[in-house]
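Asks: If you count by our numbering, then the sequence shown holds residues 1098 to 1368, one letter each, in order. Built from N, CA and C at the ideal position, the CB exists for glycine as well. One structure, pasted below without further comment.
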Amino acid sequence: MPPLAVFTVVQNEQLFLPAWLRHYTRHVPADDIYVLDHNTTGDAADVLVDACQTHGVRNILPVHHELSFDSDWLMRLTRWYQSFLLASYDTVVFTCADELLVPREGKLQDFAIRHVAEARRSEKLLHAPLATGYEVVHNRDREPALDPAQPWLAQRQFCYPCRRYSKPLLAPYSLWWFPGWAAAANVPTTQQPTPELLLWHLHRIDYDHCLRSHREKAARRWKPEERNDGPFRHNLVDDPELLSRWILCNSDKQDTYAVLEGIPPEFKELI
1098 MPPLAVFTVV
1108 QNEQLFLPAW
1118 LRHYTRHVPA
1128 DDIYVLDHNT
1138 TGDAADVLVD
1148 ACQTHGVRNI
1158 LPVHHELSFD
1168 SDWLMRLTRW
1178 YQSFLLASYD
1188 TVVFTCADEL
1198 LVPREGKLQD
1208 FAIRHVAEAR
1218 RSEKLLHAPL
1228 ATGYEVVHNR
1238 DREPALDPAQ
1248 PWLAQRQFCY
1258 PCRRYSKPLL
1268 APYSLWWFPG
1278 WAAAANVPTT
1288 QQPTPELLLW
1298 HLHRIDYDHC
1308 LRSHREKAAR
1318 RWKPEERNDG
1328 PFRHNLVDDP
1338 ELLSRWILCN
1348 SDKQDTYAVL
1358 EGIPPEFKEL
1368 I
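Shown next, in the form of C-alpha coordinates:
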(Lines of atoms letter the chains of each structure in order from A and count residues from 1; the text may use other names and numbers.)
(Lines give C-alpha, C1' and ligand atoms only; values in the text may rest on other atoms or scores of the structure.)
Protein backbone atom coordinates (compact mmCIF):
# COMPACT_ATOMS: atom_id res chain seq x y z
CA MET A 1 0.00 0.00 0.00
CA PRO A 2 1.11 3.63 -0.40
CA PRO A 3 2.72 4.89 2.80
CA LEU A 4 0.78 8.08 3.47
CA ALA A 5 -2.36 10.07 2.67
CA VAL A 6 -3.13 13.57 3.93
CA PHE A 7 -6.56 15.16 4.27
CA THR A 8 -8.27 18.24 5.65
CA VAL A 9 -11.77 19.66 6.10
CA VAL A 10 -12.33 23.25 4.99
CA GLN A 11 -15.03 25.87 4.83
CA ASN A 12 -14.11 29.26 3.35
CA GLU A 13 -10.34 28.97 3.87
CA GLN A 14 -9.14 31.23 1.06
CA LEU A 15 -5.90 32.21 2.84
CA PHE A 16 -4.85 28.95 4.45
CA LEU A 17 -5.91 26.30 1.92
CA PRO A 18 -3.53 27.40 -0.88
CA ALA A 19 -0.66 27.45 1.62
CA TRP A 20 -1.72 24.05 3.00
CA LEU A 21 -1.71 22.57 -0.50
CA ARG A 22 1.63 24.16 -1.33
CA HIS A 23 3.15 22.65 1.80
CA TYR A 24 1.78 19.11 1.62
CA THR A 25 2.35 18.63 -2.12
CA ARG A 26 6.04 19.07 -1.31
CA HIS A 27 5.83 16.06 1.00
CA VAL A 28 3.22 13.75 -0.56
CA PRO A 29 2.11 13.06 -4.17
CA ALA A 30 -0.88 15.20 -5.12
CA ASP A 31 -2.99 12.09 -5.76
CA ASP A 32 -2.60 11.17 -2.07
CA ILE A 33 -4.04 14.47 -0.83
CA TYR A 34 -7.76 14.86 -0.11
CA VAL A 35 -9.81 17.99 0.58
CA LEU A 36 -13.22 17.64 2.21
CA ASP A 37 -15.16 20.74 1.20
CA HIS A 38 -17.73 21.60 3.84
CA ASN A 39 -20.06 24.02 2.02
CA THR A 40 -17.43 26.53 0.90
CA THR A 41 -19.11 29.55 -0.72
CA GLY A 42 -18.38 32.78 -2.62
CA ASP A 43 -14.83 33.76 -3.55
CA ALA A 44 -13.46 31.04 -1.29
CA ALA A 45 -15.06 28.40 -3.53
CA ASP A 46 -13.17 29.77 -6.54
CA VAL A 47 -9.94 29.85 -4.51
CA LEU A 48 -10.45 26.22 -3.49
CA VAL A 49 -10.87 25.04 -7.08
CA ASP A 50 -8.01 27.18 -8.42
CA ALA A 51 -5.59 26.17 -5.66
CA CYS A 52 -6.33 22.47 -6.08
CA GLN A 53 -5.85 22.74 -9.85
CA THR A 54 -2.60 24.66 -9.39
CA HIS A 55 -1.17 21.93 -7.17
CA GLY A 56 -2.61 19.00 -9.10
CA VAL A 57 -4.94 17.90 -6.30
CA ARG A 58 -7.99 16.20 -7.79
CA ASN A 59 -9.50 14.63 -4.69
CA ILE A 60 -12.07 17.25 -3.67
CA LEU A 61 -15.01 15.70 -1.86
CA PRO A 62 -18.10 17.71 -0.89
CA VAL A 63 -19.47 17.10 2.60
CA HIS A 64 -22.61 18.74 3.94
CA HIS A 65 -24.01 19.69 7.30
CA GLU A 66 -26.36 22.56 8.10
CA LEU A 67 -24.12 23.76 10.95
CA SER A 68 -20.58 25.05 10.44
CA PHE A 69 -19.53 24.28 14.01
CA ASP A 70 -20.86 21.01 15.40
CA SER A 71 -18.09 19.12 17.19
CA ASP A 72 -19.90 15.79 17.23
CA TRP A 73 -20.39 15.81 13.47
CA LEU A 74 -16.87 17.06 12.69
CA MET A 75 -15.21 14.45 14.93
CA ARG A 76 -17.32 11.66 13.40
CA LEU A 77 -16.52 12.89 9.89
CA THR A 78 -12.75 12.95 10.38
CA ARG A 79 -12.75 9.62 12.23
CA TRP A 80 -14.76 7.97 9.47
CA TYR A 81 -12.72 9.41 6.62
CA GLN A 82 -9.42 8.48 8.23
CA SER A 83 -10.71 4.93 8.64
CA PHE A 84 -11.78 4.90 4.99
CA LEU A 85 -8.34 6.03 3.78
CA LEU A 86 -6.55 3.50 5.98
CA ALA A 87 -8.04 0.75 3.82
CA SER A 88 -5.67 2.01 1.11
CA TYR A 89 -2.73 3.59 2.99
CA ASP A 90 -0.34 2.55 5.76
CA THR A 91 -0.76 5.86 7.59
CA VAL A 92 -3.01 8.92 7.31
CA VAL A 93 -2.48 12.51 8.40
CA PHE A 94 -5.42 14.74 9.24
CA THR A 95 -4.78 18.42 9.87
CA CYS A 96 -6.77 21.62 9.82
CA ALA A 97 -5.95 24.04 7.00
CA ASP A 98 -3.87 26.23 9.34
CA GLU A 99 -1.64 23.35 10.50
CA LEU A 100 1.63 22.40 8.82
CA LEU A 101 3.11 19.08 9.92
CA VAL A 102 6.77 18.61 9.02
CA PRO A 103 9.63 16.35 10.13
CA ARG A 104 12.77 18.03 11.37
CA GLU A 105 14.61 16.42 8.46
CA GLY A 106 13.39 15.17 5.10
CA LYS A 107 9.86 14.72 3.81
CA LEU A 108 6.75 13.73 5.70
CA GLN A 109 6.19 10.68 3.50
CA ASP A 110 9.71 9.43 4.29
CA PHE A 111 9.04 9.95 8.01
CA ALA A 112 5.90 7.81 7.69
CA ILE A 113 7.83 5.07 5.89
CA ARG A 114 10.51 5.03 8.60
CA HIS A 115 7.89 5.05 11.35
CA VAL A 116 6.14 1.97 9.97
CA ALA A 117 9.39 0.15 9.16
CA GLU A 118 10.86 0.71 12.64
CA ALA A 119 7.71 -0.59 14.32
CA ARG A 120 7.66 -3.71 12.15
CA ARG A 121 11.37 -4.32 12.64
CA SER A 122 11.06 -4.11 16.42
CA GLU A 123 7.76 -6.03 16.40
CA LYS A 124 6.12 -3.22 18.35
CA LEU A 125 2.57 -2.05 17.88
CA LEU A 126 2.28 0.87 15.50
CA HIS A 127 1.39 4.06 17.34
CA ALA A 128 0.47 7.63 16.45
CA PRO A 129 3.46 9.84 17.36
CA LEU A 130 2.77 13.19 18.97
CA ALA A 131 4.14 16.12 17.02
CA THR A 132 5.86 18.94 18.90
CA GLY A 133 3.51 21.87 18.45
CA TYR A 134 4.41 25.51 17.93
CA GLU A 135 2.08 28.49 17.75
CA VAL A 136 3.18 31.23 15.33
CA VAL A 137 2.07 34.74 16.32
CA HIS A 138 1.83 38.17 14.73
CA ASN A 139 3.52 40.83 16.85
CA ARG A 140 1.96 43.95 15.33
CA ASP A 141 4.39 46.25 17.16
CA ARG A 142 7.28 44.79 15.16
CA GLU A 143 5.82 43.10 12.09
CA PRO A 144 3.72 44.22 9.11
CA ALA A 145 0.65 42.48 7.77
CA LEU A 146 1.29 39.15 6.09
CA ASP A 147 2.04 39.16 2.36
CA PRO A 148 0.76 35.73 1.22
CA ALA A 149 2.91 35.90 -1.92
CA GLN A 150 6.14 35.93 0.12
CA PRO A 151 7.53 33.20 2.43
CA TRP A 152 5.25 33.29 5.45
CA LEU A 153 7.53 32.37 8.32
CA ALA A 154 10.23 34.68 6.99
CA GLN A 155 7.78 37.51 7.76
CA ARG A 156 7.30 36.44 11.36
CA GLN A 157 9.82 36.45 14.20
CA PHE A 158 8.04 34.71 17.05
CA CYS A 159 6.52 31.43 18.08
CA TYR A 160 6.17 29.41 21.28
CA PRO A 161 5.94 25.71 22.12
CA CYS A 162 2.35 24.70 22.65
CA ARG A 163 1.05 21.53 24.32
CA ARG A 164 -2.41 21.95 22.79
CA TYR A 165 -0.94 21.52 19.32
CA SER A 166 1.41 18.70 20.28
CA LYS A 167 -0.98 16.11 18.97
CA PRO A 168 -1.16 12.81 17.07
CA LEU A 169 -1.76 13.81 13.46
CA LEU A 170 0.05 10.98 11.66
CA ALA A 171 -1.67 7.72 12.52
CA PRO A 172 -1.77 4.09 11.38
CA TYR A 173 -5.29 3.73 12.82
CA SER A 174 -8.42 5.85 12.98
CA LEU A 175 -8.21 8.43 15.76
CA TRP A 176 -11.12 8.94 18.15
CA TRP A 177 -10.73 12.68 18.51
CA PHE A 178 -12.00 14.60 21.47
CA PRO A 179 -13.92 17.73 20.40
CA GLY A 180 -11.56 20.27 18.88
CA TRP A 181 -8.97 17.79 17.53
CA ALA A 182 -6.49 18.55 20.31
CA ALA A 183 -6.27 14.97 21.65
CA ALA A 184 -7.58 11.50 20.87
CA ALA A 185 -9.13 8.95 23.20
CA ASN A 186 -7.09 6.09 21.71
CA VAL A 187 -3.69 7.77 22.15
CA PRO A 188 -2.08 7.37 25.61
CA THR A 189 -2.12 10.55 27.69
CA THR A 190 1.36 9.66 28.98
CA GLN A 191 2.87 9.74 25.50
CA GLN A 192 5.43 12.50 25.00
CA PRO A 193 5.88 14.60 21.84
CA THR A 194 8.68 13.59 19.52
CA PRO A 195 11.20 16.34 18.68
CA GLU A 196 11.59 14.82 15.20
CA LEU A 197 8.08 15.81 14.06
CA LEU A 198 6.86 19.41 14.31
CA LEU A 199 3.47 21.05 13.91
CA TRP A 200 3.33 24.74 13.03
CA HIS A 201 -0.05 26.26 13.88
CA LEU A 202 -0.74 29.40 11.82
CA HIS A 203 -4.12 30.57 13.10
CA ARG A 204 -2.56 33.67 14.71
CA ILE A 205 -0.03 34.46 11.98
CA ASP A 206 -1.83 37.61 10.80
CA TYR A 207 -4.05 39.95 12.81
CA ASP A 208 -6.04 41.37 9.88
CA HIS A 209 -6.86 37.97 8.44
CA CYS A 210 -7.71 36.64 11.89
CA LEU A 211 -10.17 39.47 12.49
CA ARG A 212 -11.89 38.99 9.11
CA SER A 213 -11.98 35.23 9.54
CA HIS A 214 -13.41 35.36 13.07
CA ARG A 215 -16.14 37.78 11.99
CA GLU A 216 -17.07 35.56 9.06
CA LYS A 217 -17.12 32.46 11.27
CA ALA A 218 -19.16 34.21 13.96
CA ALA A 219 -21.85 34.88 11.34
CA ARG A 220 -22.19 31.19 10.42
CA ARG A 221 -24.63 28.72 11.93
CA TRP A 222 -23.31 27.10 15.10
CA LYS A 223 -24.62 24.38 17.36
CA PRO A 224 -26.07 26.68 20.06
CA GLU A 225 -24.16 25.28 23.04
CA GLU A 226 -20.84 25.50 21.15
CA ARG A 227 -20.97 29.28 21.09
CA ASN A 228 -20.79 29.37 24.88
CA ASP A 229 -18.69 26.35 25.78
CA GLY A 230 -17.33 24.63 22.70
CA PRO A 231 -13.79 23.86 21.51
CA PHE A 232 -14.10 26.26 18.58
CA ARG A 233 -15.32 29.31 20.51
CA HIS A 234 -11.96 31.08 20.08
CA ASN A 235 -13.21 31.75 16.54
CA LEU A 236 -15.72 34.17 18.10
CA VAL A 237 -13.05 36.61 19.36
CA ASP A 238 -13.90 39.41 16.92
CA ASP A 239 -13.44 42.59 18.96
CA PRO A 240 -10.31 44.34 17.57
CA GLU A 241 -8.80 45.18 20.96
CA LEU A 242 -9.53 41.78 22.48
CA LEU A 243 -8.13 40.06 19.41
CA SER A 244 -4.87 42.02 19.67
CA ARG A 245 -4.37 40.58 23.15
CA TRP A 246 -5.71 37.13 22.31
CA ILE A 247 -3.17 36.63 19.51
CA LEU A 248 -0.32 36.98 22.02
CA CYS A 249 -1.94 34.88 24.76
CA ASN A 250 -0.87 31.30 25.44
CA SER A 251 -3.06 28.69 23.73
CA ASP A 252 -2.48 26.40 26.70
CA LYS A 253 -3.46 29.04 29.27
CA GLN A 254 -5.53 31.81 27.75
CA ASP A 255 -5.33 34.19 30.71
CA THR A 256 -1.54 34.58 30.37
CA TYR A 257 0.68 35.98 27.65
CA ALA A 258 2.86 33.45 25.87
CA VAL A 259 6.62 33.43 26.41
CA LEU A 260 7.82 33.99 22.86
CA GLU A 261 10.92 32.62 21.21
CA GLY A 262 12.42 33.05 17.77
CA ILE A 263 11.34 30.90 14.85
CA PRO A 264 14.38 28.72 13.99
CA PRO A 265 16.10 29.89 10.79
CA GLU A 266 15.81 26.46 9.17
CA PHE A 267 12.02 26.82 9.08
CA LYS A 268 11.84 30.34 7.68
CA GLU A 269 11.29 29.01 4.15
CA LEU A 270 8.85 26.28 5.22
CA ILE A 271 5.93 27.98 3.53
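1. Just checking ASP1349 against the ligand FAD - is the residue's beta carbon closer than 8 Å to any of the ligand's heavy atoms?
2. Rounded to whole angstroms, what is the Cα-Cα separation between ASP1169 and PRO1276?
3. Leaving aside the five residues before and after CYS1256 along the sequence, list all residues of the same chain whose C-beta is less than 8 Å from its C-beta, in chain order.
4. Give me the Cβ distance between ASP1187 and ALA1209, rounded to the nearest whole Å; I'm assuming they're in contact under 8 Å.
5. For TYR1121, which three-state DSSP category applies?
6. In its own chain, which residues sit with a C-beta less than 6 Å from the C-beta of ASN1283, not counting the 5 before and 5 after it?
7. Using three-state DSSP, classify TYR1262 as helix, strand or coil.
8. Quick check: the Cα distance between GLN1100 and LEU1345, rounded to an integer number of angstroms?
9. So, under 8 Å CB-CB, ALA1225 and PRO1265 are touching, yes? Tell me the CB distance rounded to an integer number of Å.
10. What number of angstroms, rounded off, separates the C-alpha of LEU1133 from the C-alpha of GLN1254?
11. Quick one: is VAL1146 buried, meaning 16 or more other Cβ sit within 10 Å of its Cβ, or exposed?
12. Measuring CA to CA, which of ARG1330, ARG1301, PRO1285 is closest to ALA1315?
13. Secondary structure at CYS1193, three-state DSSP: helix, strand or coil?
14. Over what stretch of residues does the beta strand (DSSP E) that includes ALA1102 continue unbroken?
15. Answer yes or no: do LEU1228 and LEU1182 have a C-beta to C-beta separation smaller than 9 Å?
16. Excluding the 5 residues preceding and the 5 following HIS1290 in the sequence, name in chain order all residues of the same chain whose CB lies nearer than 6 Å to its CB.
Replies: With the structure as the only source:
1. Summarising the ligand content, the structure contains no ligands, and the ligand FAD is consequently not present.
2. 7 Å
3. TYR1231, GLU1232, VAL1233, VAL1234, TRP1297, LEU1357, GLU1358, GLY1359, ILE1360
4. 7 Å
5. helix
6. TRP1273
7. coil
8. The sequence shown places Pro at residue 1100, not Gln. Taking the straight line from one Cα to the other gives about 38 Å.
9. 4 Å
10. 32 Å
11. exposed
12. ARG1330
13. coil
14. 1101 to 1107
15. Note on identity: in this sequence residue 1228 is Ala, with Leu being the wrong assignment. In this structure, LEU1182 does not lie closer than 9 Å to ALA1228 by Cβ.
16. One point to set straight first is that residue 1290 is Pro, not His, in the sequence displayed. These residues qualify, in order along the chain: LEU1227, THR1229, SER1263.
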